[in-house]
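Chemist: I have a structure I would like to understand better, so I am pasting it below and will then ask my questions one at a time.
Number of protein chains: 2
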Amino acid sequence: MLPMSSSQAIIPPARIGIIGGGQLGRMMTQKAKRLGFRVAVLDPSPGSPAGQLADFQITGEFDDGARLHALVERCDLTTYDLEGIDVVALRALEKEGHLIRPSADLLELIQDKFGQRSHLARHGIPQPEFRAIEGEATPEQLAAFGYPLVQKIRRGGYDGRGVALIRGEADHSKLLPGPSYVERLVDIEKELAMIVARSVDGDMKGYALVEMVFDPRANLLEMLLAPARVAPEIAQRAEEIAMATVECLGGVGVFGVELFLSKSGEIVVNEVAPRPHNSGHYTYEACVTSQFEQHIRAVAGLPLGSVEQMRPAAMGNVLGHDEGGAGPPKLDGLAEVLAIPGAMVHIYGKAETRPFRKMGHVTVLGQDLEEARLKALKVKDTLRIRAGEQR
Amino acid sequence: MLPMSSSQAIIPPARIGIIGGGQLGRMMTQKAKRLGFRVAVLDPSPGSPAGQLADFQITGEFDDGARLHALVERCDLTTYDLEGIDVVALRALEKEGHLIRPSADLLELIQDKFGQRSHLARHGIPQPEFRAIEGEATPEQLAAFGYPLVQKIRRGGYDGRGVALIRGEADHSKLLPGPSYVERLVDIEKELAMIVARSVDGDMKGYALVEMVFDPRANLLEMLLAPARVAPEIAQRAEEIAMATVECLGGVGVFGVELFLSKSGEIVVNEVAPRPHNSGHYTYEACVTSQFEQHIRAVAGLPLGSVEQMRPAAMGNVLGHDEGGAGPPKLDGLAEVLAIPGAMVHIYGKAETRPFRKMGHVTVLGQDLEEARLKALKVKDTLRIRAGEQR
Numbered sequence: 284m285l286p287m288s289s290s291q292a293i294i295p296p297a298r299i300g301i302i303g304g305g306q307l308g309r310m311m312t313q314k315a316k317r318l319g320f321r322v323a324v325l326d327p328s329p330g331s332p333a334g335q336l337a338d339f340q341i342t343g344e345f346d347d348g349a350r351l352h353a354l355v356e357r358c359d360l361t362t363y364d365l366e367g368i369d370v371v372a373l374r375a376l377e378k379e380g381h382l383i384r385p386s387a388d389l390l391e392l393i394q395d396k397f398g399q400r401s402h403l404a405r406h407g408i409p410q411p412e413f414r415a416i417e418g419e420a421t422p423e424q425l426a427a428f429g430y431p432l433v434q435k436i437r438r439g440g441y442d443g444r445g446v447a448l449i450r451g452e453a454d455h456s457k458l459l460p461g462p463s464y465v466e467r468l469v470d471i472e473k474e475l476a477m478i479v480a481r482s483v484d485g486d487m488k489g490y491a492l493v494e495m496v497f498d499p500r501a502n503l504l505e506m507l508l509a510p511a512r513v514a515p516e517i518a519q520r521a522e523e524i525a526m527a528t529v530e531c532l533g534g535v536g537v538f539g540v541e542l543f544l545s546k547s548g549e550i551v552v553n554e555v556a557p558r559p560h561n562s563g564h565y566t567y568e569a570c571v572t573s574q575f576e577q578h579i580r581a582v583a584g585l586p587l588g589s590v591e592q593m594r595p596a597a598m599g600n601v602l603g604h605d606e607g608g609a610g611p612p613k614l615d616g617l618a619e620v621l622a623i624p625g626a627m628v629h630i631y632g633k634a635e636t637r638p639f640r641k642m643g644h645v646t647v648l649g650q651d652l653e654e655a656r657l658k659a660l661k662v663k664d665t666l667r668i669r670a671g672e673q674r
Numbered sequence: 284m285l286p287m288s289s290s291q292a293i294i295p296p297a298r299i300g301i302i303g304g305g306q307l308g309r310m311m312t313q314k315a316k317r318l319g320f321r322v323a324v325l326d327p328s329p330g331s332p333a334g335q336l337a338d339f340q341i342t343g344e345f346d347d348g349a350r351l352h353a354l355v356e357r358c359d360l361t362t363y364d365l366e367g368i369d370v371v372a373l374r375a376l377e378k379e380g381h382l383i384r385p386s387a388d389l390l391e392l393i394q395d396k397f398g399q400r401s402h403l404a405r406h407g408i409p410q411p412e413f414r415a416i417e418g419e420a421t422p423e424q425l426a427a428f429g430y431p432l433v434q435k436i437r438r439g440g441y442d443g444r445g446v447a448l449i450r451g452e453a454d455h456s457k458l459l460p461g462p463s464y465v466e467r468l469v470d471i472e473k474e475l476a477m478i479v480a481r482s483v484d485g486d487m488k489g490y491a492l493v494e495m496v497f498d499p500r501a502n503l504l505e506m507l508l509a510p511a512r513v514a515p516e517i518a519q520r521a522e523e524i525a526m527a528t529v530e531c532l533g534g535v536g537v538f539g540v541e542l543f544l545s546k547s548g549e550i551v552v553n554e555v556a557p558r559p560h561n562s563g564h565y566t567y568e569a570c571v572t573s574q575f576e577q578h579i580r581a582v583a584g585l586p587l588g589s590v591e592q593m594r595p596a597a598m599g600n601v602l603g604h605d606e607g608g609a610g611p612p613k614l615d616g617l618a619e620v621l622a623i624p625g626a627m628v629h630i631y632g633k634a635e636t637r638p639f640r641k642m643g644h645v646t647v648l649g650q651d652l653e654e655a656r657l658k659a660l661k662v663k664d665t666l667r668i669r670a671g672e673q674r
């Protein structure tokens with residue numbers, strides 16, 4: 284469907300297309316439906332988490348131009364819950380007059396992490412020192428940049444994949460092939476993040492700065508704390524940087540801005556996601572308007588909602604247990620977790636669990652952050668998803 | 284499906300059946316899915332509001348024993364979002380070992396308003412004076428009870444239907460045929476309500492007492508205010524009565540208890556709904572655990588969640604506009620309403636609007652109740668659903 288004008292708001296019962304049917308798309312679907320929109324989803328897995336709630340799902344890959352076309356042409360507006368989409372196909376659909384938000388240009392910029400860094404650098408956003416790698420990375424290029432460094436592939440990396448930590452020549456065996464760039468290793472004091480929304484009119488709203496706490500043994504996210512436990516001047520500086528980052532990208536929607544606070548007190552941007560982000564899950568319960576509704580409001584050309592946080596919150600992912608392999612999920616400890624006041628459980632409806640697969644999350648609201656944090660630790664020790672028997 | 288034991292909790296990804304696919308079932312479905320349950324719905328309208336979000340819908344009437352059977356046997360647990368269900372069929376399904384909550388016995392008690400009154404009277408719950416009518420109501424029976432009185436049909440009345448206000452002999456033409464009873468007209472100061480949850484273990488939690496504000500011209504609910512604007516001792520007394528009412532019913536689930544505060548300061552029970560209730564819509568955004576999640580927790584045998592209210596709230600229904608007749612809904616004023624901080628819009632996805640049909644609701648959160656109330660009045664003047672052109 285072709286909207287009459289791209290400056291006009293998209294109003295329910297219009298249909299919104301979501302490319303990507305994972306948990307982010309699922310929560311976007313929940314909020315879009317609450318507002319009265321119809322929703323269609325494109326995802327390669329039949330019965331995807333979002334597809335289960337949408338009016339219909341088109342099953343196909345994100346680089347399948349025909350399936351992208353089939354989704355977009357049946358929707359008044361299309362958005363996405365992940366970055367790995369064929370931008371050439373998206374741009375062609377835009378040229379036909381279809382509304383895609385954030386735009387194909389913005390997505391292309393984000394997909395190339397070096398291009399993203401270069402764009403932010405041109406706008407004066409603080410980042411780790413970085414440098415292009417011409418062709419395949421060579422020991423000479425690395426030595427010229429100096430150690431320790433982080434090599435990142437330009438496209439397609441996620442959740443730590445496509446990133447190599449090179450502390451010196453002894454690590455050269457870890458070098459990644461293909462187009463990449465290098466950046467200075469940050470001596471990290473804390474990993475921070477902020478969800479920022481930008482409307483069609485350029486109105487911007489930022490949620491509270493949050494803090495990621497890692498389990499030092501497993502190097503896995505242990506929990507997220509909202510707001511971050513940092514000095515007010517650090518929070519203010521980080522929030523300014525995150526807002527400036529989204530402003531210079533000029534996109535429409537919700538953006539997750541990941542930041543590092545270094546041990547020397549510097550704040551730099553790690554990377555930007557052009558969509559709702561894991562670090563904003565807590566907004567579903569803790570804030571007046573969740574990041575998922577906010578994204579739908581923004582891409583539909585509607586006014587942004589209040590980002591006020593009503594309660595401090597801690598959020599932990601629910602991963603498939605590392606023993607027991609793959610199979611239909613079986614939940615242990617749910618009753619115990621629901622007995623914790625303020626513990627809100629999200630299970631994504633994935634048909635199969637695997638070790639460390641993200642199967643859900645729990646947000647715990649507290650009267651203060653420490654109460655929420657302690658309850659979230661208890662949740663972490665209690666809730667287990669293992670592979671059960673086929674039903 | 285037959286559960287192993289009715290005292291055992293029903294755990295996701297078990298399937299919950301919901302008889303009734305309206306807006307209450309829709310919000311129950313949203314929360315059940317968030318917890319990881321699968322959901323099936325029985326409703327006569329294909330693509331009902333709840334059916335749109337459920338894994339599947341069975342299309343059929345609530346007194347169609349075969350369709351009830353088809354739903355219940357495919358679910359680990361069945362509940363409902365309305366009272367007008369064939370209890371004989373439900374009881375037969377219970378006898379086969381299927382889990383239905385609240386139970387068929389409780390539903391039958393609630394369906395007969397005179398039976399409900401008699402049960403509450405036996406447990407000392409304050410109510411308006413009431414009396415059975417033998418056979419068809421006669422002028423002699425009414426005169427013996429005294430005027431003014433309210434005649435109510437015993438079964439099937441709702442939203443003011445099945446109720447006749449008889450102020451004296453001049454009103455005898457309004458008398459309702461069929462099984463009925465009479466009760467004393469209460470000189471109402473305020474209509475109040477309270478959502479009360481009761482778990483399988485008999486644990487009970489009550490949400491804040493709320494107040495219904497009526498438009499004196501149209502005799503339509505203008506808005507609901509949470510908490511109610513009453514003196515603390517009135518609120519406490521009303522809450523005690525509502526809790527005692529649900530306790531004496533002994534059911535499992537969420538119950539909406541409607542109360543009258545009389546001009547002389549008396550508090551009496553009007554009636555009880557054995558399900559989430561319109562007067563608890565505000566809990567979706569304003570409370571830590573919504574009435575819809577609470578109902579799912581209760582019927583699944585899981586612990587009840589916190590009923591803490593995070594913000595004062597005002598809720599108004601969105602009705603089909605009284606001009607323009609029936610047709611696909613067209614929303615006016617949505618952008619203006621979403622620009623009001625704290626205004627949360629629910630549109631139920633009904634395919635057709637009609638004058639005064641309930642098409643959605645808006646809950647407004649405020650820093651104080653008066654702020655929420657004033658914003659809700661603005662919403663009421665701004666949001667319009669009219670019949671639009673066929674798409």
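Protein chains in written order, with the working numbering: chain A, 284 to 674; chain B, 284 to 674. From the three backbone atoms N, C-alpha and C, an ideal C-beta is built for every residue, glycine too. Since this is a predicted model, take the numbers as computed values, not measurements.
Can you list the residues of chain B that Leu614/A reaches, using a CB-CB cut of under 9 Å?
Modeler: By one-based count along the first sequence, residue 614/A stands at place 331. Correct list: Ile294, Pro295, Pro296, Gly319.
Chemist: Could you have a look at Thr658/B and say whether DSSP puts it in helix, strand or coil?
Modeler: Taking the first residue of the second sequence as 1, we reach residue 658/B at position 375. What sits at residue 658/B in the sequence shown is Lys, not Thr. DSSP places Lys658/B in helix when its eight states are reduced to three.
Chemist: Can you tell me the Cα-Cα spacing of Leu325/A and Asp347/A, whole angstroms?
Modeler: As a first step, residue 325/A is located in the first sequence; it is residue number 42 there, counting from the start. As a first step, residue 347/A is located in the first sequence; it is residue number 64 there, counting from the start. The alpha-carbon atoms of Leu325/A and Asp347/A are separated by roughly 10 Å.
Chemist: Output, in chain order, the set of chain B residues within a Cβ distance shorter than 8 Å of Gln335/A.
Modeler: Within the first sequence, the letter at position 52 stands for residue 335/A. For the C-beta of Gln335/A, the chain B residues within less than 8 Å are, from N- to C-terminus, Lys316, Asp338.
Chemist: Using the Cα positions of Lys641/B and Ala622/B, report the straight-line distance between them to the nearest angstrom.
Modeler: Along the second sequence, one-based indexing puts residue 641/B at 358. Along the second sequence, one-based indexing puts residue 622/B at 339. Lys641/B and Ala622/B: Cα-Cα distance of roughly 23 Å.
Chemist: Just tell me which of His381/A, Asp486/A, Cys531/A, Ile668/A has its CA closest to the CA of His578/A.
Modeler: Locating residue 578/A in the first sequence gives position 295, counting from the first residue. Nearest of His381/A, Asp486/A, Cys531/A, Ile668/A to His578/A, Cα basis: Asp486/A.
Chemist: Between Gly367/B, Arg637/B, Val552/B, His604/B, which lies nearest to Ala476/B when the distance is taken from Cα to Cα?
Modeler: Taking the second sequence and counting its residues from 1, the one referred to as residue 476/B is at position 193. Ranking Gly367/B, Arg637/B, Val552/B, His604/B by Cα distance to Ala476/B puts Val552/B first.
Chemist: Alpha carbons only, please: which of Gly588/B, Gln519/B, Leu614/B, His629/B is nearest the one belonging to Arg618/A?
Modeler: On the first sequence, position 335 is the one that residue 618/A refers to. Residue identity check: residue 618/A is Ala in the sequence provided, not Arg. Looking at the Cα atoms, Gly588/B is the closest of the given residues.
Chemist: Can you name the residues of chain B whose CB is closer than 8 Å to the CB of Val355/A?
Modeler: Reading the first sequence from its first residue, position 72 is the one you call residue 355/A. By Cβ distance, chain B contributes nothing, its closest Cβ being about 18 Å from Val355/A, past 8 Å.
Chemist: Of all Cβ atoms in chain B, is any one closer than 8 Å to the Cβ of Gln313/A?
Modeler: Residue numbering aside, residue 313/A sits at position 30 when the first sequence is read from its first letter. Yes, its Cβ sits closer than 8 Å to a Cβ of chain B.
Chemist: Could you pull the DSSP bridge partners for Leu479/B from this structure?
Modeler: Your numbering for residue 479/B matches position 196 in the second sequence. The identity of residue 479/B in the sequence shown is Val, whereas the question assumes Leu. DSSP, once it has assigned bridges, lists Gly489/B, Phe538/B as partnering Val479/B.
Chemist: Taking 8 Å as the threshold (beta carbon to beta carbon), is Val493/B in contact with chain A?
Modeler: Here the question's residue 493/B lines up with position 210 in the second sequence. Not an interface residue.
Chemist: Can the beta-carbon of Val479/A be found less than 8 Å from the beta-carbon of Phe543/A?
Modeler: Counting from 1 along the first sequence, the entry for residue 479/A is found at position 196. Counting from 1 along the first sequence, the entry for residue 543/A is found at position 260. Going by C-beta atoms, Val479/A is not nearer than 8 Å to Phe543/A.
Chemist: Tell me whether His560/B sits in a helix, a strand or coil according to DSSP, three-state version.
Modeler: Translated into the one-based positions of the second sequence, residue 560/B becomes position 277. Residue state, collapsed to three classes: coil.
Chemist: What number of angstroms, rounded off, separates the C-alpha of Glu653/A from the C-alpha of Asp364/A?
Modeler: Here residue 653/A is taken as the residue at index 370 of the first sequence, counted from 1. Here residue 364/A is taken as the residue at index 81 of the first sequence, counted from 1. Taking the straight line joining both Cα atoms gives about 31 Å.
Chemist: Can you tell me whether Arg298/A is helix, strand or coil according to DSSP?
Modeler: Residue mapping note: residue 298/A aligns to position 15 of the first sequence, counting from 1. DSSP places Arg298/A in strand when its eight states are reduced to three.
Chemist: By DSSP, does Met593/A sit in helix, in strand, or in coil?
Modeler: Along the first sequence, read from residue 1 onward, the residue named residue 593/A stands at position 310. DSSP places Met593/A in the coil class of the three-state scheme, outside both helix and strand.
Chemist: Going along chain B, which residues have a C-beta under 9 Å from Leu360/A?
Modeler: Locating residue 360/A in the first sequence gives position 77, where the first residue counts as 1. None at all; the shortest Cβ gap to chain B is about 14 Å.
Chemist: Among the residues of its own chain, which have a CB less than 7 Å from the CB of Asp395/A, if the five just before and after it don't count?
Modeler: Against the first sequence, residue 395/A aligns to sequence position 112. Hits under 7 Å: Arg437, Arg438.
Chemist: Have a look at Gln650/B and Met506/B and give me their C-alpha separation to the nearest angstrom.
Modeler: For this step, residue 650/B is matched to residue 367 along the second sequence. For this step, residue 506/B is matched to residue 223 along the second sequence. One C-alpha to the other measures close to 18 Å.
Chemist: Rounded to whole angstroms, what is the Cα-Cα separation between Ser573/B and Val590/B?
Modeler: Working through the second sequence from its first residue, we reach residue 573/B at position 290. Working through the second sequence from its first residue, we reach residue 590/B at position 307. So the two alpha carbons sit approximately 8 Å from each other.
Chemist: Mind checking if Leu621/A is an interface residue toward chain B, Cβ cutoff 8 Å exclusive?
Modeler: On the first sequence, position 338 is the one that residue 621/A refers to. Yes, contact with chain B.
Chemist: Consider the Cβ of His352/A: report whether some Cβ of chain B lies at a distance smaller than 8 Å.
Modeler: Taking the first sequence and counting its residues from 1, the one referred to as residue 352/A is at position 69. Not one chain B Cβ lies under 8 Å of His352/A.
Chemist: Roughly how many whole angstroms lie between the Cα atoms of Asn561/A and Lys488/B?
Modeler: Counting from 1 along the first sequence, the entry for residue 561/A is found at position 278. Counting from 1 along the second sequence, the entry for residue 488/B is found at position 205. Looking at the two C-alpha atoms, the distance is approximately 32 Å.
Chemist: Beta carbon of Arg384/B, beta carbon of Val555/B: below 8 Å?
Modeler: As a position in the second sequence, residue 384/B is number 101, starting the count at 1. As a position in the second sequence, residue 555/B is number 272, starting the count at 1. Between Arg384/B and Val555/B, the C-beta gap is not smaller than 8 Å, which leaves the two residues out of contact.
Chemist: Tell me which same chain residues have a C-beta within less than 6 Å of the C-beta of Glu576/A, skipping the five on either side of it?
Modeler: Mapped onto the first sequence, residue 576/A falls at position 293. Result list for Glu576/A: Lys314, in chain order.
Chemist: Taking C-beta to C-beta, are Tyr430/A and Ile416/A nearer than 8 Å?
Modeler: Within the first sequence, the letter at position 147 stands for residue 430/A. Within the first sequence, the letter at position 133 stands for residue 416/A. No, the Cβ-Cβ distance between Tyr430/A and Ile416/A is not below 8 Å.
Chemist: Using a Cβ cut-off of 7 Å, pull out every chain A residue sitting near Gly643/B, in sequence order please.
Modeler: As a working mapping, residue 643/B is identified with position 360 in the second sequence. Per Cβ cutoff of 7 Å: Gly319.
Chemist: Which chain B residues sit within Cβ distance under 7 Å of Ser589/A?
Modeler: Along the first sequence, read from residue 1 onward, the residue named residue 589/A stands at position 306. Near Ser589/A (Cβ distances below 7 Å), the residues of chain B are Pro624, Gly625.
Chemist: Since Val647/B contacts Ala581/B with CB under 8 Å, what's their CB separation in whole angstroms?
Modeler: For this step, residue 647/B is matched to residue 364 along the second sequence. For this step, residue 581/B is matched to residue 298 along the second sequence. Rounded, the Cβ-Cβ distance is 27 Å, inconsistent with contact.
Chemist: Is it buried or exposed, Leu666/B, if we count other Cβ atoms within 10 angstroms and call 16 or more buried?
Modeler: Sequence index remark: in the second sequence, residue 666/B carries index 383 (1-based). Answer is buried; the Cβ neighbour count reaches 16.
Chemist: Beta-carbon within less than 8 Å of Asp615/A's beta-carbon, same chain only, minus the 5 sequence neighbours each way: which residues are those?
Modeler: What you label residue 615/A is simply residue 332 of the first sequence in a count that begins at 1. So the qualifying residues of the chain are Leu666, Arg667, Ile668, Arg669.
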